[in-house]
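Down below is the structure, laid out as structure tokens.
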Amino acid sequence: SLPKIYLITPTHTRPEQKADLTRLSYTLRHVPNIHWIVIEDSPSKTVLVKKFLAGCKLSYTHLNVATPENYKLKESDPNWLKPRGVLQRNAGIDWIQKQPQTKGVVYFADDDNTYDLQVFEEMRFTVKVSVWPVGLVGYLWYESPVIKNGKVSGWYTYWKPNRKFAMDMAGFAVNLRLFKENPSAVFHMKAGRGNLESDLLTQLGVTMDDLEPKASGCTKVLVWHTRTEKSSLKNEDKMLKLYGYNSD
Ligand code: UDP
Ligand code: MN
188 SLPKIYLITP THTRPEQKAD LTRLSYTLRH VPNIHWIVIE DSPSKTVLVK
238 KFLAGCKLSY THLNVATPEN YKLKESDPNW LKPRGVLQRN AGIDWIQKQP
288 QTKGVVYFAD DDNTYDLQVF EEMRFTVKVS VWPVGLVGYL WYESPVIKNG
338 KVSGWYTYWK PNRKFAMDMA GFAVNLRLFK ENPSAVFHMK AGRGNLESDL
388 LTQLGVTMDD LEPKASGCTK VLVWHTRTEK SSLKNEDKML KLYGYNSD
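Per this note's numbering, the sequence shown starts with residue 188, numbered consecutively.
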């Protein structure tokens, strides 16, 4: 049977949340043998996400863990200051560690990215770690592993190219077995934004030689680090004043 894909998705409450989750779930409906682990950044499971998942027609697990206040980005902070979704991805890893299965692939899929269905088939038979380019990330058209003679020799990225594994979260998948063999491997808040990926792969004992280039030798973009524009709701207050009610 096809190896199962365990997709770990952190998500947080915002006006665009249901739209982003809807789009992602419609993509996942086309992917065979996938289990979606959705972790809310919240002290409890929200009714919105509960209802959404109940109707999403996918195999899923619903978890939650709140990011402590001191780790949350403030409105005034630059967005690279603090990493996002760390405790949530770790809750997903923890869930996986408790499953008896040892066969499968783990992929960290943020809720606002865009996924070509082909990327799931590229990762499906990952031996250790599969890698591929990511579009619209790092202030570039794309970032990518650099391939020489079929192996990863370095990184096409502007930001900190000297990171051991200079990849975005969306650019790699890991064989479940590696997590089972390295039960203490988790994302570390202190690794900092942009270093989470490299830090995790290092804990998993990965070497450059282990990396398996996918997407036609890393020549194709099959996932994009899209970001949903924040919707202004500034007329909601005005509606309340004008009509005595609004759509809140
Ligand atoms: N996220 C979260 N808590 C937050 C902010 C973000 O759980 O306070 C989630 C978010 O829903 C997404 C992932 O973490 O799945 C990455 O966040 P985001 O997409 O905002 O980061 P960026 O696109 O800037 O890397
Ligand atoms: Mn994002």
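Quick reminder that beta carbons are idealized off the backbone N, C-alpha and C, glycines included.
As a beta-bridge residue in DSSP terms, residue 295 pairs with 195.
From the listed residues 237, 269, 358 and 251, the smallest Cα separation to residue 296 is found for 358. The beta carbon of residue 374 sits closer than 6 Å to the beta carbons of 273, 276, 277, 383 and 387 from its chain, once the five residues preceding and following it are set aside; these are given in chain order.
The beta carbon of residue 415 sits closer than 6 Å to the beta carbons of 203, 207 and 299 from its chain, once the five residues preceding and following it are set aside; these are given in chain order.
DSSP places residue 301 in the strand class (E or B) of the three-state scheme. Ligand 2 has no heavy atom closer than 6 Å to the beta-carbon of residue 207. Around the beta carbon of residue 291, 16 or more other beta carbons lie within 10 angstroms, which makes this residue buried.
Contact between residue 250 and residue 226 holds: their C-beta atoms lie close to 4 Å from each other, under 8 Å.
Short of 6 Å from the beta carbon of residue 354, and not among the five residues preceding or following it, lie these beta carbons of its own chain, in chain order: 384. A contact between stretches requires three or more CB pairs, one per stretch, nearer than 8 Å, and the region 227–242 fails this requirement with the region 318–327. Between residue 192 and residue 224, the C-beta gap is not smaller than 7 Å, which leaves the two residues out of contact. The nearest non-hydrogen atom of ligand 2 is 6 Å or more from the C-beta of residue 424. When Cβ pairs closer than 8 Å are counted between the two stretches, the region 360–379 is seen not to touch the region 331–340, the count staying below three. In the DSSP assignment, residue 428 falls outside any beta strand (DSSP E) and lies within the alpha helix (DSSP H) extending over 422–430. With fewer than 16 neighbouring CB atoms inside 10 Å of its own CB, residue 216 falls in the exposed class. Listed by position along the chain, the residues with Cβ atoms less than 7 Å from a non-hydrogen atom of ligand 2 are 297, 299, 300, 412 and 414. The three-state secondary structure of residue 277, taken from DSSP, is helix. With respect to the C-alpha of residue 293, the residue from 427, 391, 429 and 403 having the closest C-alpha is 391. Distance from the CA atom of residue 242 to the CA atom of residue 209, rounded to whole angstroms, is 10 Å. Leaving aside the five residues that flank residue 211 on each side, the residues in its chain whose CB is nearer than 6 Å to its CB run, in chain order, 298. With fewer than 16 neighbouring CB atoms inside 10 Å of its own CB, residue 326 falls in the exposed class. The alpha-carbon of residue 310 is positioned some 38 Å away from that of residue 263. In this structure, the CA atom of residue 365 is about 9 Å from the CA atom of residue 289. By the Cβ-count criterion, residue 395 is exposed, with fewer than 16 other Cβ atoms from all chains shown falling within 10 Å of its own Cβ. When the Cα atoms are used, residue 303 and residue 410 turn out to be separated by approximately 6 Å. For residue 199, the CB falls within less than 6 Å of some heavy atom of ligand 1.
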